Amino acid sequence: MPLRVWSVPSPSPPMTDFGLTGRMMSGLVSTQRLIPGMEDVKLSFKQKSQKFFGSSKVPNFHFSMRVEYPTQIQLGNPYTIPFRLSIIPNREKSSDVIQDVPQKAYIKTATLEMHSTVGVICPGTFDSHEGSKTRKLCIGRTNKFINEVDGFEIPCAPKEDVLDLGTVLGLQIDARGSVIGASKFGGGTLETMSPTYTTYCVRLSHVLHWEVKVSIGGESWECGWQNRIVVHPPVEEALSGGVGTASAGTATLSLEPPPPPVDEAVPAYEGPSTAAPAYEKVAGGQASNEVNGNGEGSSAVGGDMKS
951 MPLRVWSVPS
961 PSPPMTDFGL
971 TGRMMSGLVS
981 TQRLIPGMED
991 VKLSFKQKSQ
1001 KFFGSSKVPN
1011 FHFSMRVEYP
1021 TQIQLGNPYT
1031 IPFRLSIIPN
1041 REKSSDVIQD
1051 VPQKAYIKTA
1061 TLEMHSTVGV
1071 ICPGTFDSHE
1081 GSKTRKLCIG
1091 RTNKFINEVD
1101 GFEIPCAPKE
1111 DVLDLGTVLG
1121 LQIDARGSVI
1131 GASKFGGGTL
1141 ETMSPTYTTY
1151 CVRLSHVLHW
1161 EVKVSIGGES
1171 WECGWQNRIV
1181 VHPPVEEALS
1191 GGVGTASAGT
1201 ATLSLEPPPP
1211 PVDEAVPAYE
1221 GPSTAAPAYE
1231 KVAGGQASNE
1241 VNGNGEGSSA
1251 VGGDMKS
């Protein structure tokens, strides 16, 4: 039968430090549409051929996209989950003809998913028995088929403000673990997540997966990443009223990584007298999907040229 582990409520007030961590993703787009006055021009066959064969006559725009993502969140928190984007042009590497030309970047699609892995281990006669299962939950998504945020502009200058996609999409999880407004993200309204926990033989861990595709000069470029994230239980007040009882706002965010979570005391084991198995052997117990010991995982960066 299903088993649910209840966590002790977090102390008040709700947390405002989401442990934001920044990462730079290098990118490149090439098109004649980067030249002023040619933004909406239909490319000729000759221009398309130059682009296809990588001609030096086609301007190159080099840049880095900075992504700031959370490493800890809290259920029932009145503040939106931050996910911040900005693009920094690389003037030195870009073609001379567009070095001082401001470019515009727009979000085509963005997806944020929580991958939750439950790992179980128990002693056996000759060896321990173990298993794990991972479940995916969409906590935010934008594309033209689901909502109207598609095409939102990302700041594209060295000193411009960032775009907080979490505020734009209204990313929040209520005290019961449900995504606020899940239907507008294309997710199920009955899907929930639980706080991170570790008991003697059961562990629940979470990994945040995100992918962003942008358009610059009509060309597509995309990147993605995954990182371990700690989900804290709600404060006691949120359990009675949920997120709706507090006014949403922008929290004071810290870019310093959060301190490691403190696990609750492990209860005494009262099972067979055989040696207790090491939980670390559980597949997925180290935060699933190839996340390393630093809480970081593999990245994906790329672009597809479209005429």
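Note that the working numbering numbers the sequence shown so that position 293 is 1243, with each residue one more than the last.
Each residue gets a CB set at the ideal place from its N, CA and C atoms; glycine is no exception.
All values derive from a computational prediction rather than experimental measurement.
Which of the three DSSP states, helix, strand or coil, is assigned to residue i?
i	result
I1048	helix
T1117	helix
S962	coil
S1190	helix
K1043	coil
L978	strand
Q1000	helix
L970	coil
L993	coil
R954	coil
Using C-beta distances below 6 Å, list every residue in its chain close to residue i, excluding the 5 sequence neighbours before and after it, in chain order.
i	result
A1188	G1026, A1125
I1037	F1013, M1015, A1055, I1104, C1106
T1142	G1127, S1128
S976	S1014
M965	Q1024
M974	S1014, R1016
E989	R983
G1116	T1030, I1031, P1032, F1033
P1039	F1013
Under 7 Å, do residue i and residue j count as touching if we go by C-beta distance?
i	j	result
F1003	V979	no
V955	Y1147	yes
G1174	F1135	no
P1145	S962	no
S1155	T1067	yes
L1113	T1030	no
I1166	F1102	no
G1137	C1088	yes
Considering only residues of the same chain and omitting the five flanking positions on each side of residue i, which have a CB-CB separation below 8 Å?
i	result
P1009	S980, T981, Q982, L984, I985, S1044, S1045, V1047, I1048
D1050	R1041
E1110	S1036
P1108	I1038, P1039
Using 7 Å as the limit for Cβ to Cβ distance, is residue i near chain C?
i	result
Y1150	The structure shown contains no chain C, having only a single protein chain.
At a cut-off of 6 Å, would you count residue i as near the ligand GTP, judging by its Cβ distance to the nearest heavy atom?
i	result
Q982	Judged by which ligands are present, the structure shown has none, so any question about the ligand GTP falls away.
Spatial neighbours of residue i within its chain, please: C-beta separation below 7 Å, excluding the five flanking residues on both sides.
i	result
P959	P1183, P1184, V1185, E1186, L1189
G1252	E1172
K1007	Q1000
S1005	none
Validate contact between the region 1083 to 1092 and the region 1176 to 1193 using beta carbons, cut 8 Å, 3 pairs = no
Examine the Cβ distances between the region 1006 to 1016 and the region 1070 to 1081 and report whether three or more of them are shorter than 8 Å.
-> no
Spell out a yes or no on whether the region 1046 to 1064 and the region 1151 to 1166 are touching, meaning 3 or more CB-CB pairs, one atom from each, closer than 8 Å.
-> yes
Would you mind listing the beta strand (DSSP E) stretches within the region 1121 to 1153 that are 3+ residues and don't spill past its ends, in chain order?
-> none
Could I get the ranges of all uninterrupted beta strand (DSSP E) runs contained in the region 1015 to 1042, with 3 residues as the minimum, in chain order?
-> 1022 to 1024, 1034 to 1039
Within the region 1047 to 1091, note down every full beta strand (DSSP E) run reaching 3 residues or more, in order along the chain.
-> 1055 to 1072
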